[in-house]
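Protein chains in written order, with our numbering: chain A, 1 to 232; chain B, 233 to 721.
Pasting the structure below:
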């Protein structure tokens with residue numbers, strides 16, 4: 001699915017140049033669940049942005065099914081994101097003036113799906129996350145967990161091949177966190193998604209197939225795990 | 233439709249800001265509409281004054297030069313052939329101080345108990361051949377001759393030692409075959425009927441309504457002019473700003489009377505001309521000036537320059553101050569709308585970054601922002617047009633009546649009490665050639681809102697919204713999703 005070769009991303013911060021991702025090589029297979037851990041400021045979110053085509057590497061190549069993301073024009077990248085990649089953010093990032101159904105609908109706008117087909121997919125997505133009865137609620141009328149479910153529905157309504165989640169439970173309480181992770185795991189299994197999840201939480205990370213740890217821009221992949229087992 | 237739903241919800245979310253922006257645009261637009269209405273009203277008032285002065289259908293008026301003053305021997309260059317004219321006399325004080333009527337050959341009689349009726353002409357004559365030539369000039373579609381005269385009647389008392397004031401009325405000879413040109417073209421008939429082509433040499437007259445009232449004349453009344461009888465066949469009213477003659481007679485009859493008016497000799501002293509188009513008027517004026525180098529050639533434009541008074545000041549106020557004030561307010565409204573829109577876009581950076589992340593193209597997001605701005609512009613236009621109507625109504629209600637001081641040419645020769653003159657063709661004291669008197673006309677101001685002004689208002693408001701949206705959209709176009717999302721994190 002993904003092949004990263006010598007990927008570096010550096011920024012200018014004031015007088016200093018920061019290498020958020022530093023010479024990273026990585027292969028993520030299709031259908032794999034990779035959890036990325038690490039301390040704040042070590043490049044986890046930058047890696048996620050590069051995988052999602054939201055940013056371009058300073059050096060190296062990122063291939064998604066053979067497509068060099070760094071070499072694509074912005075409109076092509078936008079199109080790839082619209083079709084192939086779903087995002088879930090820590091702060092949910094719902095449009096506050098739109099209802100749950102309308103927020104899910106925003107993901108279908110770029111695909112040009114209209115009419116009955118659109119409505120059916122929105123209903124199915126909300127049903128999949130257990131919010132069919134909350135379709136008309138605004139984000140302010142939903143709990144944190146419910147808002148994150150809406151965000152997951154928005155990410156999945158377009159049937160992407162990749163789901164990138166950046167601290168999806170970072171703003172949630174423990175019980176809700178578990179619910180959300182369980183939902184993500186269920187959807188990953190059911191749909192064969194390639195799931196890359198950034199988290200601080202080791203408990204969550206252990207539920208993934210592989211765990212990678214970002215340290216100073218470099219990623220170290222641990223051996224394949226099974227849920228509940230300590231990292232080697 | 234998702235676009236409209238998103239737009240509506242977003243405007244509702246920041247309703248106060250949206251209303252503020254719309255009101256700002258409305259204020260600028262309302263001022264533009266009000267100034268345009270006031271300007272249109274003033275132009276209409278000016279145009280009314282000018283068309284009243286000028287007459288409908290007449291583009292250029294040509295008048296003969298002012299007659300030269302009489303020489304000390306009683307003759308003048310203009311009427312050396314008219315030694316038998318009834319006007320060849322003067323009034324002089326007699327040996328006992330009482331006024332005497334003296335002819336050019338020096339014979340004097342007492343003026344006591346006598347009535348003197350004199351016809352004078354303010355302009356010298358223009359020959360029939362020159363009139364015909366004027367009608368054939370390029371750019372001229374019609375030309376009609378006319379004669380302007382003044383009838384002065386002086387009645388001396390039996391024992392008066394001083395010169396009495398003459399009573400006078402003005403008289404125009406009208407070409408009855410070309411009534412669409414000249415002084416009767418803008419007159420409205422109030423009773424009776426106007427001239428027909430058959431009245432070319434008839435002893436009939438049409439009388440101005442003001443003169444008819446003052447002299448208690450009506451249709452059927454009989455006027456005596458220069459010892460000839462004229463039956464009143466119609467009474468007309470001219471537009472307020474004009475200086476209409478008191479009496480109109482057929483041109484042929486006026487030509488006959490003008491034999492004795494001193495400076496005329498079966499000629500006309502005015503030509504009324506219609507040009508083929510407004511663009512031809514300057515060229516026509518030039519051609520006539522070459523044909524008649526001593527004549528005075530005027531058009532509506534040149535007459536407009538002579539009109540003064542508060543109507544002119546109001547025109548300047550509307551065109552200069554009003555226009556620039558409206559422009560400044562609009563610029564301010566555009567600036568405020570732009571700043572507020574850019575601030576709103578800044579607050580929505582995370583929202584737009586998310587939309588870009590999930591696959592929205594920049595132009596789709598830009599269209600959404602522009603749509604919101606245009607919606608505010610349309611709202612501003614609607615309110616602005618309403619404000620414009622209100623402003624025009626206020627101006628109409630509270631604006632003082634304007635005044636226009638319009639030129640009114642007076643006769644070159646007229647009796648002046650107490651001033652003696654030698655025997656001569658016309659025993660009066662000549663005014664300086666070309667001098668005019670003037671009178672003040674009240675001109676009500678009625679602002680009028682045209683469709684063009686409303687369309688302009690809508691365009692300006694929508695343009696303001698588009699400008700504001702464009703500046704915000706420029707920011708969106710430069711937005712990198714990763715940067716936008718990092719601000720949320």
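Virtual Cβ for every residue (Gly too), placed ideally from N, Cα, C.
(request) Give me the Cα-Cα distance between residue 84 of chain A and residue 686 of chain B, rounded to the nearest whole angstrom. (result) Working through the first chain from its first residue, we reach residue 84 of chain A at position 84. Working through the second chain from its first residue, we reach residue 686 of chain B at position 454. Those two C-alpha atoms are separated by around 50 Å.
(message) Counting only beta-carbon separations shorter than 8 Å, does residue 175 of chain B have a partner in chain A?
(response) Here chain B has residues from 233 to 721 only, and residue 175 of chain B is not among them.
(request) State yes or no: is the C-beta of residue 386 of chain B within less than 8 Å of the C-beta of residue 396 of chain B? (result) One-based indexing of the second chain puts residue 386 of chain B at position 154. One-based indexing of the second chain puts residue 396 of chain B at position 164. In this structure, the beta-carbon distance from residue 386 of chain B to residue 396 of chain B falls below 8 Å.
(message) Rounded to whole angstroms, what is the Cα-Cα separation between residue 430 of chain B and residue 451 of chain B?
(response) Along the second chain, one-based indexing puts residue 430 of chain B at 198. Along the second chain, one-based indexing puts residue 451 of chain B at 219. Just so you know, the alpha carbons of residue 430 of chain B and residue 451 of chain B end up roughly 18 Å apart.
(message) Among the candidates A:81, A:159 and A:23, whose CA atom is the shortest distance from the CA of residue 188 of chain A?
(response) Numbered from 1 along the first chain, position 188 holds the residue referred to as residue 188 of chain A. Check the Cα spacing between residue 188 of chain A and each of A:81, A:159 and A:23: the tightest is with A:159.
(request) Would you verify that the beta carbon of residue 206 of chain A is, or is not, closer than 8 Å to some beta carbon of chain B? (result) For the purposes of this step, residue 206 of chain A is identified with residue 206 of the first chain, where counting begins at 1. Not a single CB atom of chain B sits nearer than 8 Å to the CB of residue 206 of chain A.
(request) Below 8 Å on the Cβ atoms is my guess for residue 352 of chain B versus residue 382 of chain B; work out the distance and round it to an integer in Å. (result) The residue given as residue 352 of chain B occupies position 120 in the second chain. The residue given as residue 382 of chain B occupies position 150 in the second chain. Rounded, the Cβ-Cβ distance is 5 Å, consistent with contact.
(message) Please state whether the Cβ-Cβ distance between residue 215 of chain A and residue 42 of chain A is less than 8 Å.
(response) For the purposes of this step, residue 215 of chain A is taken as residue 215 along the first chain, with counting starting at 1. For the purposes of this step, residue 42 of chain A is taken as residue 42 along the first chain, with counting starting at 1. Going by C-beta atoms, residue 215 of chain A is nearer than 8 Å to residue 42 of chain A.
(request) Whole angstroms is fine: what's the gap from residue 129 of chain A's alpha carbon to residue 589 of chain B's? (result) Reading the first chain from its first residue, position 129 is the one you call residue 129 of chain A. Reading the second chain from its first residue, position 357 is the one you call residue 589 of chain B. Each residue's alpha carbon lies about 21 Å from the other.
(request) Examine chain B for any beta-carbon lying closer than 8 Å to the beta-carbon of residue 233 of chain A, and answer yes or no. (result) The structure shown has nothing for residue 233 of chain A, since chain A only spans 1 to 232.
(request) On the DSSP bridge assignment, give the partners of residue 506 of chain B in chain order. (result) Walking along the second chain from the start, residue 506 of chain B turns up at place 274. In the DSSP output, where bridge partners are listed per residue, residue 506 of chain B has B:374.
(request) Specify whether the region 54-65 of chain A and the region 91-105 of chain A touch according to this definition: at least 3 beta carbon pairs, one from each stretch, less than 8 Å apart. (result) Short answer: they don't touch.
(request) List the residues of chain A that residue 588 of chain B touches, going by C-beta distances under 9 Å, in chain order. (result) The sequence position of residue 588 of chain B within the second chain is 356, counting from 1. 54, 78 and 81, listed in chain order.
(message) Would you call the region 352-361 of chain B in contact with the region 334-343 of chain B, where contact means no fewer than 3 C-beta pairs closer than 8 Å?
(response) Here the region 352-361 of chain B does not lie against the region 334-343 of chain B, with fewer than 3 beta-carbon pairs under 8 Å apart.
(request) Tell me the start and end of each unbroken alpha helix (DSSP H) in the region 163-229 of chain A that is at least 4 residues and wholly inside, in chain order. (result) For the region 163-229 of chain A, whole alpha helix (DSSP H) runs of length 4 or above, ordered along the chain, are 174-191 and 202-205.
(request) Could you spell out where the beta strand (DSSP E) holding residue 19 of chain A opens and where it closes? (result) Here residue 19 of chain A is taken as the residue at index 19 of the first chain, counted from 1. Start and end: 16-28.
(request) Say whether chain B places a C-beta atom closer than 8 Å to the C-beta of residue 110 of chain A. (result) Position 110 of the first chain, counted from the start, is the residue given in the question as residue 110 of chain A. Interface criterion met: the Cβ of residue 110 of chain A is under 8 Å from a Cβ in chain B.
(request) Report buried or exposed for residue 45 of chain A, applying the criterion of at least 16 other Cβ atoms within 10 angstroms of its Cβ. (result) Counting from 1 along the first chain, the entry for residue 45 of chain A is found at position 45. Residue 45 of chain A should be labelled buried.
(request) Could you give the DSSP three-state label for residue 556 of chain B: helix, strand or coil? (result) Translated into the one-based positions of the second chain, residue 556 of chain B becomes position 324. Three-state DSSP puts residue 556 of chain B in a helix.
(request) Give a yes or no on whether the minimum CB-CB distance between residue 39 of chain A and chain B is below 8 Å. (result) What you label residue 39 of chain A is simply residue 39 of the first chain in a count that begins at 1. Output row for residue 39 of chain A: interface = no.
(request) Could you run through the region 102-136 of chain A and flag, in chain order, every residue whose CB is less than 8 Å away from some CB of chain B? (result) The residues in question are 102, 105, 106, 107, 109, 110 and 111.
(request) Taking residue 179 of chain A and residue 145 of chain A to be in contact with their CB atoms under 8 Å, please state how far apart those CB atoms are, rounded to whole angstroms. (result) Here residue 179 of chain A corresponds to residue number 179 of the first chain, with the count starting at 1. Here residue 145 of chain A corresponds to residue number 145 of the first chain, with the count starting at 1. About 6 Å separates the beta carbons of residue 179 of chain A and residue 145 of chain A, which is inside the 8 Å limit, making them a contact pair.
(request) Decide if the region 562-577 of chain B is in contact with the region 696-712 of chain B; the criterion is three or more beta carbon pairs, one per stretch, under 8 Å apart. (result) The region 562-577 of chain B, when compared against the region 696-712 of chain B, does touch it at the 8 Å Cβ threshold.
(request) Assign residue 485 of chain B to buried or exposed, taking buried as 16 or more other Cβ atoms, counted over all protein chains shown, within 10 Å of its Cβ. (result) Residue numbering aside, residue 485 of chain B sits at position 253 when the second chain is read from its first letter. Buried is the call here.
(request) Would you list the residues sitting across from residue 210 of chain B in a DSSP beta bridge? (result) The structure shown has nothing for residue 210 of chain B, since chain B only spans 233 to 721.
(request) Look up residue 461 of chain B in the DSSP assignment and say whether it is helix, strand or coil. (result) In the second chain, counting from the first residue as 1, residue 461 of chain B sits at position 229. Taken through DSSP and simplified to helix, strand or coil, residue 461 of chain B comes out as strand.
(message) If we define contact as Cβ-Cβ less than 8 Å, is residue 64 of chain A a contact residue for chain B?
(response) Against the first chain, residue 64 of chain A aligns to sequence position 64. By this cut-off, residue 64 of chain A is not an interface position.
(message) Under 9 Å, CB to CB, which of the residues in the region 599-621 of chain B have a partner in chain A?
(response) Cβ contacts with chain A: none found.
(message) Excluding the 5 residues flanking residue 331 of chain B on each side, which residues of the same chain have their C-beta closer than 7 Å to its C-beta?
(response) Reading the second chain from its first residue, position 99 is the one you call residue 331 of chain B. The residues are 323, 325, 343, 388 and 395.
(message) Taking only three categories from DSSP, how would you classify residue 97 of chain A?
(response) Stepping through the first chain from its first residue, residue 97 of chain A is reached at position 97. DSSP, read as helix, strand or coil, puts residue 97 of chain A in coil.
(request) For chain A, find out if any of its Cβ atoms is closer than 8 Å to the Cβ of residue 579 of chain B; answer yes or no. (result) Here residue 579 of chain B refers to the residue found at position 347 when the second chain is read from its first residue. Residue 579 of chain B does not count as touching chain A.
(request) Output yes or no for whether 8 Å exceeds the beta carbon distance between residue 9 of chain A and residue 40 of chain A. (result) Numbered from its first residue, the first chain carries residue 9 of chain A at position 9. Numbered from its first residue, the first chain carries residue 40 of chain A at position 40. Residue 9 of chain A places its beta carbon 8 Å or farther from that of residue 40 of chain A.
(message) Against chain C, does residue 709 of chain B count as a neighbour if the rule is that its beta carbon must be under 8 Å from one of theirs?
(response) In the structure shown, chain C cannot be found, because the protein chains are A and B.
(message) Classify residue 454 of chain B: buried if its beta carbon has 16 or more other beta carbons within 10 angstroms, exposed otherwise.
(response) If you number the second chain from 1, residue 454 of chain B lands on position 222. Its Cβ having fewer than 16 others within 10 Å, residue 454 of chain B is exposed.
(message) Between residue 748 of chain B and chain A, is any beta-carbon pair separated by less than 8 Å?
(response) In the structure displayed, chain B extends from 233 to 721; residue 748 of chain B sits before or after that span and is not available.
(message) Quick check: the Cα distance between residue 463 of chain B and residue 488 of chain B, rounded to an integer number of angstroms?
(response) Stepping through the second chain from its first residue, residue 463 of chain B is reached at position 231. Stepping through the second chain from its first residue, residue 488 of chain B is reached at position 256. Computed Cα separation, rounded: 17 Å.
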